[in-house]
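Trainee: Mind looking over this structure? Questions follow.
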Amino acid sequence: MTLPHAGDPSSVDRRDAHRHHAGERPAHPRQLADRIGQHYERHARDWDADRNRSSLALWNDKPWHDRFIDALPQGARVLDLGCGSGHPVAKHMAERGLRVTGVDLSPTFVSMCRQRLPDHEWLVGDMRSLDLARRFDGVLAWDSFFHLTPVDQRQMFEVFARHAAPAAVLMFNSGPEQGEVIGTYRGDPLYHASLSLGDYRERLADIGFELMDHMVEDWETGGGRTVWLAHAP
Numbered sequence: 001m002t003l004p005h006a007g008d009p010s011s012v013d014r015r016d017a018h019r020h021h022a023g024e025r026p027a028h029p030r031q032l033a034d035r036i037g038q039h040y041e042r043h044a045r046d047w048d049a050d051r052n053r054s055s056l057a058l059w060n061d062k063p064w065h066d067r068f069i070d071a072l073p074q075g076a077r078v079l080d081l082g083c084g085s086g087h088p089v090a091k092h093m094a095e096r097g098l099r100v101t102g103v104d105l106s107p108t109f110v111s112m113c114r115q116r117l118p119d120h121e122w123l124v125g126d127m128r129s130l131d132l133a134r135r136f137d138g139v140l141a142w143d144s145f146f147h148l149t150p151v152d153q154r155q156m157f158e159v160f161a162r163h164a165a166p167a168a169v170l171m172f173n174s175g176p177e178q179g180e181v182i183g184t185y186r187g188d189p190l191y192h193a194s195l196s197l198g199d200y201r202e203r204l205a206d207i208g209f210e211l212m213d214h215m216v217e218d219w220e221t222g223g224g225r226t227v228w229l230a231h232a233p
């Protein structure tokens, strides 16, 4: 399974996937998945700097974000799950007139978002257990959902459903096939996973969502990502 994609700062170290320093005992993949928040908190400022350096030239998934935004009403409320530092995705949504609520495990990332986009809402939290008791016109889990274990990914569809307003638009990206991959960022292991394409279709159907668009390893407009765009009933 190939999950890393162009424009992802972690791809610079991806050639080291599955390798560990001599004498180190590699962590179990699920342990790495549980440490994703710690990973991003530890590397937040480096990740943000790498993302800012590369985003203007390599934001090759922007067409999908425009497609997501264009499917929403003007001034729509969007829940951004795994918002990172807010650049470029949340910033672009804000510039297009959307009202963003971003959630991330990293307090440093959330602090960056609050400084850069103070008119929007930013929360430190775990998407897996999220229950904001309100619904949104759009739900986005971009370059974040694929850090969850297969079990957690399946359970996330209930989180999507309980935060989706009628006819809400959902977009997330995954790998092209079932599996787990351990990449690295600055020498630090980074977990990714994907369900099978059929499993994703079943999960969307289970919560009543209808697929609007879907591309497997879209290199032309998605930076090699496998993208899912769907809407709620």
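Quick note on numbering: UniProt numbering labels position 183 of the sequence shown as 183, and the sequence is numbered without any gaps.
We treat Cβ as the ideally placed atom computed from N, Cα and C, and that holds for glycine.
Which value, in whole angstroms, describes the spacing of the CA atoms of G37 and S106?
Mentor: What you label residue 37 is simply residue 37 of the sequence shown in a count that begins at 1. What you label residue 106 is simply residue 106 of the sequence shown in a count that begins at 1. Going by the C-alpha atoms only, they are around 6 Å apart.
Trainee: Which first and last residues belong to the alpha helix (DSSP H) in which P150 is found?
Mentor: The residue labelled residue 150 in the question sits at position 150 within the sequence shown. Counting along the chain, the alpha helix (DSSP H) containing P150 begins and ends at 150–162.
Trainee: Just checking my contact of A168 with D137 at CB under 8 Å: how many whole Å lie between their CB atoms?
Mentor: Start at 1 with the first residue of the sequence shown, and residue 168 comes out as number 168. Start at 1 with the first residue of the sequence shown, and residue 137 comes out as number 137. Confirmed, Cβ separation roughly 5 Å.
Trainee: From P189, F172, V103, pick the residue whose C-alpha is nearest to that of W132; which is it?
Mentor: Position 132 of the sequence shown holds residue 132. The residue you asked about is not Trp; residue 132 is Leu in the sequence shown. The option with the nearest alpha carbon to L132 is V103.
Trainee: Considering only their Cβ atoms, is the gap separating F68 from M171 smaller than 8 Å?
Mentor: Locating residue 171 in the sequence shown gives position 171, where the first residue counts as 1. Locating residue 68 in the sequence shown gives position 68, where the first residue counts as 1. Yes, the Cβ-Cβ distance between M171 and F68 is below 8 Å.
Trainee: Is R134 helix, strand or coil when you go by DSSP?
Mentor: Here residue 134 corresponds to residue number 134 of the sequence shown, with the count starting at 1. R134: coil per DSSP, three-state reduction.
Trainee: Looking at L117: is its Cβ nearer than 8 Å to the Cβ of V89?
Mentor: Residue 117 sits at position 117 when you count from the first residue of the sequence shown. Residue 89 sits at position 89 when you count from the first residue of the sequence shown. Cβ atoms of L117 and V89: not closer than 8 Å.
Trainee: Going by beta carbon distance, what residues of the same chain come within less than 6 Å of V124, once the five residues before and after it are set aside?
Mentor: For the purposes of this step, residue 124 is taken as residue 124 along the sequence shown, with counting starting at 1. So the list reads P107, V110, once near-sequence residues are dropped.
Trainee: From the DSSP secondary-structure annotation, give me the bridge partner or partners of N173.
Mentor: Indexing the sequence shown from 1 puts residue 173 at position 173. Looking at the DSSP assignment, N173 forms a beta bridge with V227.
Trainee: Please report the distance separating the alpha-carbon of R77 from that of E121.
Mentor: Mapped onto the sequence shown, residue 77 falls at position 77. Mapped onto the sequence shown, residue 121 falls at position 121. Using only the alpha carbons, I get a separation of about 11 Å.
Trainee: With distances taken from CA atoms, which of P166, E180, M93, H43 is nearest residue 235?
Mentor: Absent from the structure is residue 235, since the part of the chain shown begins at 1 and ends at 233.
Trainee: Just confirm the distance between the C-beta atoms of V227 and W64, as a whole number of angstroms; I'd bet it's less than 8 Å.
Mentor: In the sequence shown, counting from the first residue as 1, residue 227 sits at position 227. In the sequence shown, counting from the first residue as 1, residue 64 sits at position 64. With a contact defined as Cβ atoms closer than 8 Å, V227 and W64 qualify at about 5 Å.
Trainee: List the endpoints of the continuous alpha helix (DSSP H) containing I69.
Mentor: Taking the first residue of the sequence shown as position 1, residue 69 is located at position 69. If you look at I69, you'll find it in the alpha helix (DSSP H) that goes 62–70.
Trainee: Could you work out which residue in E177, H192, G175, A44 is closest to G183 when comparing CA atoms only?
Mentor: Taking the sequence shown and counting its residues from 1, the one referred to as residue 183 is at position 183. Ranking the options by Cα distance to G183, first place goes to H192.
Trainee: Assign S159 to one of two classes, buried (16 or more other C-beta atoms within 10 Å of its C-beta) or exposed (fewer than that).
Mentor: Counting from 1 along the sequence shown, the entry for residue 159 is found at position 159. The amino acid occupying residue 159 in the given sequence is Val; Ser does not appear at that position. When all chains shown are included, V159 counts as buried.
Trainee: Measuring only the C-alpha atoms, how far is E177 from R225?
Mentor: The residue given as residue 177 occupies position 177 in the sequence shown. The residue given as residue 225 occupies position 225 in the sequence shown. Distance between the alpha carbons of E177 and R225: 12 Å.
Trainee: If we ignore side chains and look at the alpha-carbon of each, how far apart do G175 and L229 end up?
Mentor: As a working mapping, residue 175 is identified with position 175 in the sequence shown. As a working mapping, residue 229 is identified with position 229 in the sequence shown. About 14 Å.
Trainee: May I have the straight-line CA-CA distance separating D143 from P189, to the nearest angstrom?
Mentor: Numbered from 1 along the sequence shown, position 143 holds the residue referred to as residue 143. Numbered from 1 along the sequence shown, position 189 holds the residue referred to as residue 189. In this structure, the CA atom of D143 is about 16 Å from the CA atom of P189.
Trainee: Is A232 closer than 8 Å to G208 when the C-beta atoms are compared?
Mentor: Translated into the one-based positions of the sequence shown, residue 208 becomes position 208. Translated into the one-based positions of the sequence shown, residue 232 becomes position 232. Going by C-beta atoms, G208 is nearer than 8 Å to A232.
Trainee: Measure how close the beta-carbons of A33 and T149 come, nearest whole angstrom, since I'm counting them as under 8 Å.
Mentor: In the sequence shown, residue 33 corresponds to position 33, counting from 1. In the sequence shown, residue 149 corresponds to position 149, counting from 1. 5 Å between Cβ atoms; contact.
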